Amino acid sequence: MSRVPKSEIEVLSQEIDDEFGSYRLRAAGQRIHYVRVATDVFDEDTMCQPWLLIPQLPDFPYKGWTRMEASRESDGSLIPKLLFEALPAAETIWHPKSIDAVSLEKVRRHRSGVYGVLYSGLPTICQIICFAWQVPRIEHRTYAYPMIEEYRGLGDPVLLKKLQGDFAPMDDLSAGREALENAHRMKMVRGDVSRYNSFLDRSKEPCSCSPCRFRTRWITGSSSI
């Protein structure tokens, strides 16, 4: 069985706790795989540093598998377990257009899962769900945004037009209250209301979002890449 060269493997996202390291990787071009490694398999530096981790991982077959779990036997040998089932995915899909998330050119990392990217040559903000336990977050958003679209004509929440603006000062409290009341009229509740969780666009144009969604599984739930 042919193997993916280690030079063609890239760690895109990682989350490490006391028991496991979870990694989202790109291998051999655009294919996405997930690897979970018990924390007693490698030392801490190797678990945290992709350039140390990748050479130590078991070989990657080219096709077929979606996830790998790596552990050690009592004799210290490394045991990889390949899994072939479909990846978990959000089911609430509401826009007909899809984009290959991995194909977007990243220009800046804002935080985990949130990037400045170029889409059709324009700066945009890309938010993706990297791991299965984050899927409910995008489910909530794709449930809410069709209602906002009907109310204000917005597009999809995961690839956003980049706007120039700032956090609202106290002078804009009345405008912020009006916006929050509009959300309440649509039967949506913001669980953490704060001026730092709101964005004030001072341009004369209405706020708009690019009308698209991602097709990567574990992001919005159509086909895998």
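The numbering of the sequence shown is this note's numbering, which starts it at 3 and goes up by one.
All C-beta atoms, glycine included, are put in the ideal place defined by N, C-alpha and C.
Owing to the predicted nature of the structure, the values given are computational and were not obtained by experimental measurement.
In terms of residues, what are the limits of the beta strand (DSSP E) holding residue i?
i	result
residue 107	107-113
residue 50	It is not in any beta strand (DSSP E) - residue 50 instead sits in the alpha helix (DSSP H) that spans 46-50.
residue 17	11-18
residue 128	124-129
residue 118	116-121
Alpha carbon to alpha carbon, how far is residue i from residue j?
i	j	result
residue 145	residue 91	14 Å
residue 186	residue 141	19 Å
residue 184	residue 196	16 Å
residue 10	residue 139	31 Å
residue 47	residue 39	14 Å
residue 75	residue 135	28 Å
residue 132	residue 93	16 Å
residue 4	residue 80	20 Å
residue 24	residue 194	28 Å
residue 137	residue 7	30 Å
residue 159	residue 129	Confidence at residue 159 is low in this model, with a pLDDT of 40, below 50, so the placement of that residue should be treated as unreliable; the coordinate-derived value is given next. Those two C-alpha atoms are separated by around 8 Å.
residue 182	residue 176	10 Å
residue 118	residue 12	19 Å
residue 63	residue 31	14 Å
residue 245	residue 179	Lying outside 3 to 227, the shown extent of the chain, residue 245 is not represented and no answer is given.
residue 102	residue 14	15 Å
residue 66	residue 122	32 Å
residue 17	residue 98	31 Å
residue 19	residue 109	28 Å
residue 114	residue 95	23 Å
residue 1	residue 143	Because the chain is modelled from 3 through 227, residue 1 falls outside the range shown and cannot be assessed.
residue 107	residue 126	10 Å
residue 28	residue 82	18 Å
residue 21	residue 42	8 Å
residue 174	residue 53	47 Å
residue 116	residue 77	41 Å
residue 44	residue 105	31 Å
residue 60	residue 84	10 Å
residue 112	residue 50	20 Å
Quick one: grab the DSSP three-state call for residue i.
i	result
residue 70	strand
residue 138	helix
residue 25	strand
residue 41	coil
residue 59	coil
residue 145	helix
residue 36	strand
Output the boundary residues of the alpha helix (DSSP H) element that contains residue i.
i	result
residue 176	175-187
Would you check whether the ligand SAH has a heavy atom nearer than 6 Å to the C-beta of residue i?
i	result
residue 195	The ligand content of the structure shown is nil, which means the ligand SAH is not present either.
- What runs of the beta strand (DSSP E), each 3 residues or longer, lie entirely inside the stretch 72-104? The qualifying runs are 80-85.
Check your understanding: Counting Cβ pairs, one atom from each stretch, are 3 or more of them under 8 Å apart for the stretch 30-48 and the stretch 66-84?
Key -> yes
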